[in-house]
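Per the numbering used here, the sequence shown starts with residue 413, numbered consecutively.
We put the beta carbon where it would ideally sit given N, CA and C, even for glycine.
Working notes, beginning with the structure itself.
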Amino acid sequence: MTSAWSSGGPLCLKVWTCFFSLAVFRTHCIPANEVNLLDSRSVMGDLGWIAYPKNGWEEIGEVDENYAPIHTYQVCKVMEHNQNNWLQTNLIVTEGAQRVFVELQFTLRDCNSLPGGVGTCKETFNMYYYESNDEEGRNIRESHYSKVDTIAADESFTELDLGDRVMKLNTEVRDLGPLTKKGFYLAFQDLGACIALVSVRVFYKRCPSVVKNLAQFQDTITGSDSSQLLEVAGSCVNNSVAEDLPRMHCSAEGEWLVPIGKCVCQVGFEELNGSCQECRLGFFRSVLQNPTCSKCPPHSFTRVQGATSCSCEEGYYKTDTDPPNMACTRPPSAPRNAISNVNETSVFLEWAVPEETGGRKDVRYNIRCRKISVDSRRYEECGSAVRFLPQRSGLRDNSVMVVDLLAHTNYTFEVEAINGVSELTNPGRQFVSLNVTTNQAAPSPVSVVRKGKSGKNSISLSWQKPDRPNGIILEYEIKYFEKDQETSYTIIKSKETEILADALKPSSVYIFQIRARTSAGYGGFSRRFEFETSPYCKDQLGTLWSDLELCGGITEKCVLSLLKVKFPGVRTYIDPHTYEDPNQAVHEFTQEIDVSCITIERVIGAGEFGEVCSGPLRLTGKREFPVAIKTLKAGYSEQQRRDFLGEASIMGQFDHPNIIHLEGVVTKSKPVMIITEFMENGSLDTFLKKNDGQFTVIQLVGMLRGIASGMKYLSDMGYVHRDLAARNILVNSNLVCKVSDFGLSRVLEDDAEAAYTTRGGKIPIRWTAPEAIAFRKFTSASDVWSYGIVMWEVMSYGERPYWEMSNQDVIKAVEDSYRLPGPMDCPAALYHLMMDCWQKDRNSRPKFEEIVSLLDKLIRNPSSLKALVNSSHSSMYASVGLREGSGHQSVGEWLEGIKMGRYNELFMETGYTSLEVVAHMTLE
């Protein structure tokens, strides 16, 4: 080989190389975040790299001062033209790295320092790479390699440098990526430079294993992108658990960045000096949120290290809901200084708080009541007739009023103090006792009055004795007057529990009230009871012809009076609001259910007063069955309780397969509940929306027939619903529809022209008849209007009536004779019935009895349902509000009336310029 290092020939070349062996190669420390794939300085034997042509790159093998091998590749063909010398490495396996770095250390001769006569001198060389999964890559063509970069020297040496033995070593680093195969080859191309390639180091970067925030993060190879951050999940170590999943991000430079989350010592341990250590004796740690172990609270201790809780000392206790750092406590002592104040058959009890509360603030009081038995030999429990105000158990205040006691009776009251841990102990009850004797008192009101036979001028009554006579009943006083004539009343007295009131008017309603008298005086009057005398010519119900005969023939007056008679077997609705004591209405019309018979399993909705739940009801002698449970939310007022139970008092009077059935109420415990039958498919409007288009016409008509049947029953009882809508109809698993929600309902008088006038409140505008909106007067005829809207809801599968029109727009449109259009695919017979229900004159609307009869005929004759309302222009004419008497004078006025005025110009352009033309518009 021709030497070009100096004019001294090959000897100088060797001297230069030896200089490297002494000056360059020293121990090289690799950073912790770098992993070598190749380091030519650490290879003990032959590198095995391939030079092409063979006389190009030359490997020079030497040893350093420690006799370690040195591999140097040199080329210096500067005396010759057209050089293309390649040096190829072995396959370098990536070990999964997608981005690697190549560090080159080399020297390069300054071309200007070379003697004259050189061929072509370069001061750069090129680096290439080629990816491969096997050794075949060594035989590929030069054109298949990818160029990494052209490498130039920052420092070059001259012949003078050789003489002074000062070598100028260059270090260059390049990166490759993204790499996708098992490994790659490096190749160095010389085009006529004088180079010594001293070392080649190939490495990738990683984020080294580290423990941070008690989490171990494993070695992680960096990503393929120089700006990429790899998210790495850590694993908790040393008795720690993840408070929030610990994560860090590995940067392209092999640095851990952006820690997220952390591990914390598990309960019973605390972090000290970067590790988790057990809590000492007398300390505990029960929750992860506390950073350190806490000292056991008063009256508690630990027996072992690493405790998660402290044990209470003997005689002290904790509940499951007490916080871990709360001291152990004990039951309170007995209440102190109890006193009583007797007022006839009521007793006011008051006491002072216990001297020892046990270290707790949740002291409550229970009252036990006993009375001397009839034989005066023993005490017996007072029973459910005695009432405690505000309650009997769990009292927060240190006083209670006990009412409805018996007169002249000895009672013993025990006031017991309890707190949260009282049930965990059995040291004997801590109570204070008081002995009380009640005073003389007047009898309680008469609660049950029954009507006997009645004639056109008389009514017979009977009643039960008061629940608490408080002595011997001396007589009863009966007060009665004609309804709405309260200032003119009559009083009669009786020692018996029955009377006959005579000299009354026929066909008139009378109000009766009764009170009892003992030696202590009169008790309070009963609530008002309404009873009616028979009509003219009517003493007892016989056949129609015999009644007419009694009247002296078929006269208008007699026929009208006969038509007002209610037939036997039809009950009359009694408005609970007429009771002076609403609790009495609840007692009469509902059944009390023990709360232990009910299990609340899940919440199915929310009502006005609280949650609506479902669960099983278990009654003695009956199989368990599902029920719906309306609850009265906590913190209710007495008025809210009355309104809530008022609905139960209404439902309890109804018994019909299409009226929601009341099972009973829970009033003697909290929460107060109303228990009704469970309707699996919920409200009708929601059920229809969920099953849009899934039912046959006959099925839909069957649903409507059930609703109409229920409303006929209510109407026959003299009852107006006022809020009939699909949302207030419930559906069971057999698609049976039942009327529910009697919150807005009120009584309808027997007079066919009578109507209920509301005292204010909201009215469901879209479902309410115009006369009820305008004058707040409700009749069965206004319920019929609402039923027509329900028909429309059913046939449109729960569509909102009048869509997005405002309430004021609805009121105006209805007053202007606009009516809802027929739903798509609705039978014409049903839509005609809807339109009849929406007659402006309420007397022109059908009765519920007629509606039921018509629907029965349609069901028996399905072919009558085939003609659809939207199959001819006549239905279009009706559906868009162009009915006779609508009062519209032009197409524009009509469009404005139905809130479609923006289409007036379009109608004009397409030829619909008159109402007559519009009336013949088809759906197409």
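Reduced DSSP secondary structure (H/G/I, E/B, other) of residue 1058: helix
Measuring CB to CB, does residue 1085 end up less than 7 Å from residue 1041? yes
According to DSSP, is residue 1166 part of a helix, a strand, or is it coil? Only weak support is given to the placement of residue 1166: the predicted model assigns it a pLDDT of 39, under 50, and the value that follows is read from those uncertain coordinates. Of the three classes helix, strand and coil, the one that applies to residue 1166 here is coil, per DSSP.
Give me the Cβ distance between residue 743 and residue 777, rounded to the nearest whole Å; I'm assuming they're in contact under 8 Å. With 8 Å as the limit, residue 743 and residue 777 do not qualify as a contact, their Cβ atoms being about 13 Å apart.
For residue 1052, three-class secondary structure by DSSP: helix
Beta-ladder partner(s) of residue 516, from DSSP: 584 and 612
Assuming residue 1039 and residue 1088 make a contact with CB atoms under 8 Å, what is their CB distance in whole Å? 7 Å
How close, in whole Å, do the beta carbons of residue 697 and residue 705 come, if the pair is a contact with beta carbons under 8 Å? 5 Å
For residue 821, which residues of its own chain have a beta-carbon under 8 Å away from its beta-carbon, when the five flanking residues on both sides are left out? 783, 784, 849 and 850
Cβ-Cβ distance between residue 621 and residue 510 below 7 Å: no
Starting from residue 1122 and walking both ways along the alpha helix (DSSP H), at which residues does that stretch end? 1109–1128
Going along the chain, which residues of its own chain have a beta-carbon closer than 8 Å to the beta-carbon of residue 1138, five neighbours each way excluded? 1095, 1096, 1097, 1100, 1202, 1205, 1206 and 1210
Residue 487 versus residue 508 - alpha carbon distance: 34 Å
Can you list, in chain order, the residues of its chain with a C-beta nearer than 7 Å to that of residue 568? Leave out the 5 residues immediately preceding and following it. 520, 521, 522, 535 and 580
Environment of residue 1046 [buried if 16+ CB atoms lie within 10 Å]: exposed
Strand pairing of residue 447, partner residues [DSSP]: 616
Using the Cβ count rule (16 or more neighbours within 10 Å means buried), how would you classify residue 1312? exposed
Could you confirm whether any beta carbon from chain B is found closer than 7 Å to the beta carbon of residue 838? Note that chain B does not occur in the displayed structure, where there is just one protein chain.
Rounded distance between the beta-carbons of residue 1151 and residue 1190, thought under 8 Å: So it is not a contact: roughly 15 Å between Cβ atoms.
For residue 1029, which residues does DSSP report across the bridge? 1010 and 1037
Boundaries (first-last residue) of the alpha helix (DSSP H) holding residue 1244: 1240–1249
Would residue 474 pass as a contact of residue 462 if the rule is Cβ separation under 7 Å? no
Which of helix, strand or coil DSSP assigns to residue 734: coil
By the 10 Å Cβ neighbour count, where 16 or more other Cβ atoms means buried, how is residue 987 classified, buried or exposed? buried
C-beta atoms of residue 805 and residue 868 nearer than 7 Å: no
In angstroms, rounded to a whole number, what distance separates the CA positions of residue 961 and residue 919? Low confidence applies here, because residue 961 scores a pLDDT of 37, under 50, leaving its location unreliable; read the following figure in that light. Rounded to whole angstroms, residue 961 to residue 919 spans 19 Å at the Cα level.
Is residue 1313 helix, strand or coil when you go by DSSP? helix
Spell out a yes or no on whether the region 643–652 and the region 544–562 are touching, meaning 3 or more CB-CB pairs, one atom from each, closer than 8 Å. no
Span of the alpha helix (DSSP H), counted from its first residue to its last, around residue 994: 994–1001
Quick one: Cα of residue 718 to Cα of residue 681, how far? 6 Å
Residue 1203 - DSSP class collapsed to helix/strand/coil: helix
State the DSSP-derived secondary structure class of residue 1215, mapped to helix, strand or coil. coil
What are the start and end residues of the alpha helix (DSSP H) that includes residue 1267? 1260–1272
Rounded to the nearest angstrom, what separates residue 588 and residue 610 at their Cα positions? 21 Å
Reduced DSSP secondary structure (H/G/I, E/B, other) of residue 1285: Note that residue 1285 scores a pLDDT of 38, beneath 50, so its modelled location is shaky and nothing firm can be said.
For residue 894, the first and last residue of its enclosing beta strand (DSSP E): 887–894
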